[in-house]
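Start counting the sequence shown at 364; every next residue gets the next number (the working numbering).
Backbone N, C-alpha and C define an ideal beta-carbon position, used for all residues, glycine too.
Keep in mind it's a predicted model, so treat the numbers as computed, not measured.
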Amino acid sequence: MCGIVGYVGPRASEKALDVVMEGLGRLEYRGYDSAGVALVAPDGVETRKRAGKLANLRAAIEEADLPETATAIGHTRWATHGGPTDQNAHPHRGGRDGKLALVHNGIIENFHSLKGRLESEGVQFTSETDTEVVAHLLSAAFERSGDLTTAMRETVADLHGAFTLLAVHSDQPDVVVGARRNSPLVVGLGEGENFLGSDVAAFIGHTRHALELGQDQIVTITPDTYEVVNFDGTPSDGKAYEVTWDAAAAEKSGYDTFMEKEINDQPHAVADTLLGRTDAEGNLTLDELHIDVEELRAVTKIVIVACGTAAYAGMVAKYAIEHWTRIPVEVELAHEFRYRDPVIDERTLVVSISQSGETMDTLMAVRHAKELGARTVSICNTHGSTIPRESDAVLYTHAGPEIAVASTKAFLAQITASYILGLYLASLRGTSYGRDAAEVMAELQGIPAQIETVLAGMDRVKEIAYYMADSRSVLFLGRHVGYPVAMEGALKLKELAYIHAEGFAAGELKHGPIALIEPGQPVFVIVPSPGSEHGLHDKVVSNIQEIRARGARTLVIAEEGDEDVVPFADEVIRVPHTSPLLAPLLTVVPLQVFALHLSTAKGLDVDQPRNLAKSVTVE
Ligand code: M6R
């Protein structure tokens, strides 16, 4: 939540504003309640900020006669403290001289008491934000030391909560200082210029050399140098790495929206996540493993923690991992896990799933699990982000940057990675499925082409979305791995089209939800393969008949050649045949496409739905 960018370039570059605006454009998916910039010159700091999307700030900048500077910071906001107004937009100024400007991502939990103290000292506030408190504290600290890094160290010692802060001061015009605790910040290393950003997208148009920061660290950048210290003042090196994707990956590449592009990227997301997963002996491997394999063999329980779409990927993972490893698997929303009293010990493996690697609820769940003695594995799409850094083992998904707020390709990559994890654990434990891992991996290799086939047949789904644009409620039914797919289909529709939508386990229908069915009620049904165990296919076909008999409009997702559904379906959407456990990689695709086009048909902003932000970095 909130995107922040900082830049220092050569004195003569005069392009700081352009670099920061370009970075904000790439980070807008992190928050779009307001946007602002601060430009730093020896004679002062100039700020511009506007409520609403970045376009409003762009218009304000075009009208203004702003100074040309080589140093700037910028911010896109997802509002927490104080509404989305010009006054509450960042940057915030500190001190009576206004020489300091600050942007912030996160929440300062003790801001109220700090604000009271400052007010009693005569400080006047111009916003309702927690951030302005920090700006004044930092300004006062700067007056004492005359150095922004020292002032930042002094200030963060007073703060509770989660924060990334970037500050500039006109007395040090070619310096930007950043600080992070429980909130993301990456350094971009250029030649004669350096960058800071909430994620690498902020500077990917300029450099792919990045530096990971640790927890509780401060970084100071100038055009030619960077310096990292811990909050206690001890020096640190940071961890340098190369970003593996380029600016083109973070652009729409001819599609109207990022979401449409990302849906079409899914064959690559799955294929790339499958790449390079075996060692020279043909054994499956993880990307980073700091757990003794004997400990992994001794695991008695797996708990998957995640939020939103990632949690639905976790639900799919449960079916596969239990089946292949015979280890009991629980799936829990990360925010619930932490606040109850979970039964966890050193033989529990806690698997977190997160696209961003920064979701605060998931991060806190991982930390809680570690405190309770569990071993932790992270499935994550963002290299070097906090959750994988703090986990004992990591399996990276290779979906590339996901910019649309609604998650699509990350979901498929997360499911793919969790299959790999399940097969890896099964091989370690020597279950029969472990020995068959190569066969499952071979079938997975064929999935990208099957996703292409599904995508090629989406014209009718698009038409259905357009004629259903006035729907007030849509239900989704699934069974076994189709159940989490139903939940994901409903989530996509809620967040993109603002339509009431619910996903149910088809077996639950007669225990209550069938009362919702009235004539014309649209219901998507995800039908298991006719080859599924336990006759699940026939049971779901019976469910379709039950709701149709009560007037539901049935939109059925079924395998090619499954003719049993035809008499009871108003629409049949076909997917190729797969093993039942792998089917979610195909059956979810029409639901994503449906939500995308229904949102478009309603004239809504597909990539930036209301009230949301891409990565939820506050609790
Ligand atoms: O970055 P994460 O995968 O941890 O994010 C988890 C959820 O916030 C995310 O999946 C959210 O539900 C998406 N907006 C769903 O489309």
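Residue i CB to nearest heavy atom of the ligand M6R below 7 Å
i    : result
C365 : no
L854 : yes
L758 : no
V979 : yes
L959 : no
G671 : yes
V768 : yes
Q971 : no
T722 : yes
Q718 : yes
A776 : no
L975 : yes
E858 : yes
T636 : no
A773 : yes
T725 : yes
Inter-residue Cα distance where the pair is residue i and residue j
i    : j    : result
E506 : V371 : 22 Å
V767 : A832 : One point to set straight first is that residue 767 is Ala, not Val, in the sequence displayed. Looking at the two C-alpha atoms, the distance is approximately 21 Å.
V919 : G785 : 30 Å
P598 : C743 : 28 Å
G415 : P811 : 39 Å
R823 : V403 : 54 Å
G924 : A849 : 22 Å
I438 : P405 : Sequence inspection shows His at residue 438; the Ile mentioned does not correspond to that position. If you take the alpha carbons of H438 and P405, they lie about 22 Å apart.
A673 : E482 : 43 Å
G639 : R459 : 57 Å
K857 : S741 : 27 Å
L529 : R480 : 23 Å
S978 : V757 : 19 Å
G720 : Y829 : 35 Å
A860 : N646 : 44 Å
A398 : T722 : 22 Å
K855 : T489 : 38 Å
F660 : L788 : The sequence shown places Arg at residue 660, not Phe. C-alpha separation (whole angstroms): 8 Å.
R421 : S533 : 23 Å
L949 : I707 : 34 Å
H761 : A669 : 18 Å
D537 : A433 : 7 Å
F474 : D704 : 30 Å
I778 : V729 : 19 Å
L818 : D642 : 33 Å
S428 : G394 : The question names Ser, but residue 428 in the sequence shown is Asp. Cα to Cα, D428 sits roughly 27 Å from G394.
N627 : A773 : 12 Å
L500 : L879 : 55 Å
V694 : S770 : 19 Å
G809 : A776 : 14 Å
E765 : G485 : 45 Å
I497 : T980 : Here the sequence assigns Val to residue 497, which means Ile is not the residue at that position. Answer to the nearest angstrom: the Cα atoms are 19 Å apart.
E644 : I684 : 23 Å
G366 : D933 : 44 Å
G407 : V519 : 24 Å
E623 : T512 : 43 Å
D901 : E909 : 12 Å
A912 : P885 : 13 Å
P630 : L417 : 32 Å
Cβ-heavy atom distance, residue i to the ligand GDP, below 7 Å
i    : result
A564 : Absence of the ligand GDP is noted for the structure shown, with the ligand M6R being the only ligands found.
CB contact check: residue i to chain D, cutoff 8 Å
i    : result
P947 : Considering every chain present, this structure includes no chain D. It has just one protein chain.
>> Just to confirm the assignment: which complete alpha helix (DSSP H) runs, minimum length 4, are found wholly within the segment 918-946?
In response: none
>> For the segment 951-958 against the segment 731-750, do three or more pairs of beta-carbon atoms, one drawn from each stretch, fall closer than 8 Å, so that the two count as touching?
In response: no
>> Report the start-end ranges of each alpha helix (DSSP H) in the segment 500-568 that is 4 residues or longer and not cut off at the edges.
In response: 511-519
>> Across the segment 693-713 and the segment 662-669, are there enough close Cβ pairs to call them in contact, namely three or more that are closer than 8 Å?
In response: yes
>> Taking 8 Å as the cut-off, does the segment 467-478 touch the segment 518-527 (at least 3 CB pairs, one atom from each stretch)?
In response: yes
> Would you say the segment 716-736 touches the segment 681-691, given that touching needs at least three Cβ pairs under 8 Å?
Replying inline: no
>> Does the contact criterion of 3 or more C-beta pairs under 8 Å hold for the segment 571-584 versus the segment 532-552?
In response: yes
> Do the segment 558-577 and the segment 591-611 make contact, defined as three or more Cβ pairs closer than 8 Å?
Replying inline: yes
> Can you list, in chain order, the stretches of the alpha helix (DSSP H) that have 4 or more residues and sit fully within the segment 398-469?
Replying inline: 417-426
>> Using 8 Å as the cut-off, can you tell me whether the segment 491-506 makes contact with the segment 442-456, which would need three or more C-beta pairs spanning the two stretches below that distance?
In response: yes
>> With a threshold of 8 Å, are at least 3 pairs of Cβ atoms found where one atom belongs to the segment 553-573 and the other to the segment 386-396?
In response: yes
>> So, does the segment 930-945 touch the segment 961-972, judging by three or more C-beta pairs under 8 Å?
In response: no
> Quick one: complete alpha helix (DSSP H) runs, 4+ long, within the segment 674-754?
Replying inline: 697-700, 723-734, 749-753
>> Ignoring anything shorter than 4 residues, give me the alpha helix (DSSP H) runs that lie fully in the segment 556-633, in order along the chain.
In response: 621-627
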